[in-house]
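Take the sequence shown: its letters are residues 1 to 187, numbered as in full-length UniProt numbering.
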Amino acid sequence: KGLARARNNIDAWWPAIEAGAEAILQTASGCGAFVKEYGQMLKNDALYADKARQVSELAVDLVELLREEPLEKLAIRGDKKLAFHCPCTLQHAQKLNGEVEKVLLRLGFTLTDVPDSHLCCGSAGTYALTHPDLARQLRDNKMNALESGKPEMIVTANIGCQTHLASAGRTSVRHWIEIVEQALEKE
Numbered sequence: 001k002g003l004a005r006a007r008n009n010i011d012a013w014w015p016a017i018e019a020g021a022e023a024i025l026q027t028a029s030g031c032g033a034f035v036k037e038y039g040q041m042l043k044n045d046a047l048y049a050d051k052a053r054q055v056s057e058l059a060v061d062l063v064e065l066l067r068e069e070p071l072e073k074l075a076i077r078g079d080k081k082l083a084f085h086c087p088c089t090l091q092h093a094q095k096l097n098g099e100v101e102k103v104l105l106r107l108g109f110t111l112t113d114v115p116d117s118h119l120c121c122g123s124a125g126t127y128a129l130t131h132p133d134l135a136r137q138l139r140d141n142k143m144n145a146l147e148s149g150k151p152e153m154i155v156t157a158n159i160g161c162q163t164h165l166a167s168a169g170r171t172s173v174r175h176w177i178e179i180v181e182q183a184l185e186k187e
């Protein structure tokens, strides 16, 4: 099913690519990591190998786009103390560890230190469904680490992590770009 969905996505994006799209922007790190692998996943598919390679080359995580922009010109000042959870798919699969934090700091947000920030939150795709007890323990450990600096809010870059962390019912968990948008609306 995964390969069929990849082909469907390629078909959906292909008209925009043919029209000159510069990027396929991903806002969820798990999705972005997967799309960046389309070329590898479909390399032996005679009909889709070339298209999949092109899609993978065009796939860009939101932070890859924003980190190159002159964000300081926006003159916004983030007014929240945040803890950032870097999803495994952002730090390991896409090798973008620390990039969201740099963007948030450039925008004036205060970030707390997060002990053992490299550890998984327990969402891990379907892991939270197939191993719920272990996933809850990983989530609670991650929440303890994220909350140790007393943030007003926890932000992350992946919807699966966001949903899983929020299920603890503790500190509010949002996607990091939502907080940036709120700060922009205040200006």
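We put the beta carbon where it would ideally sit given N, CA and C, even for glycine.
Residue i to residue j span [Cα, whole Å]
i      : j      : result
Phe34  : Glu69  : 25 Å
Trp13  : Ser148 : 42 Å
Leu66  : Thr130 : 35 Å
Ile177 : Glu64  : 13 Å
Val173 : Met153 : 6 Å
Lys21  : Gln182 : Lys is not the amino acid found at residue 21; the sequence shown has Ala there. Distance between the alpha carbons of Ala21 and Gln182: 28 Å.
Ala83  : Gln162 : 13 Å
Arg7   : Pro15  : 14 Å
Asp11  : Gly78  : 39 Å
His92  : Gly98  : 11 Å
Asp45  : Lys51  : 10 Å
Gly2   : Tyr38  : 10 Å
His175 : Lys95  : 19 Å
Cys86  : Ala4   : 29 Å
Ile76  : Gly160 : 28 Å
Ala166 : Leu25  : 25 Å
As assigned by DSSP and simplified to three states, the class of residue i
i      : result
Gln94  : coil
Asp61  : strand
Thr126 : coil
Leu42  : coil
Arg77  : coil
Ala145 : helix
Val173 : strand
Ala83  : strand
Thr89  : helix
Leu119 : coil
Leu111 : strand
Close beta carbons around residue i, own chain, < 6 Å, minus the five adjacent residues each side
i      : result
Asn9   : none
Lys36  : Ser56, Ala59
Ile179 : Val155
Ala145 : Val114, Pro115, Asp116
Ala23  : Leu58, Val60
Thr171 : Glu147, Ile154
Endpoints, the alpha helix (DSSP H) within which residue i is located
i      : result
Lys150 : That residue, Lys150, is in no alpha helix (DSSP H); it is neither H nor E in DSSP.
Leu105 : 99–106
Cys161 : 159–166
Pro15  : 2–18
Ala33  : 29–35
Proximity of residue i and residue j at Cβ, strictly below 8 Å
i           : j      : result
Thr27       : Leu71  : no
His164      : Gly125 : no
Lys150      : Phe109 : no
residue 191 : Gln54  : Any answer about residue 191 is impossible in this case: the structure gives the chain only from 1 up to 187.
Leu105      : Ala157 : no
Beta-carbon proximity list for residue i, same chain, < 8 Å, skipping 5 on both sides
i      : result
Lys102 : Arg67
Leu119 : Leu138, Asn141, Lys142, Ala145
Spatial neighbours of residue i in its chain, beta-carbon cut-off 7 Å, leaving aside the 5 residues before and after
i      : result
Ala168 : Arg139, Asp140, Met143
Tyr127 : Ala135
Ser29  : Asp61, Pro87, Thr89, Leu90, Gln94, Ala157, Asn158
Endpoints, the beta strand (DSSP E) within which residue i is located
i     : result
Leu25 : 24–26
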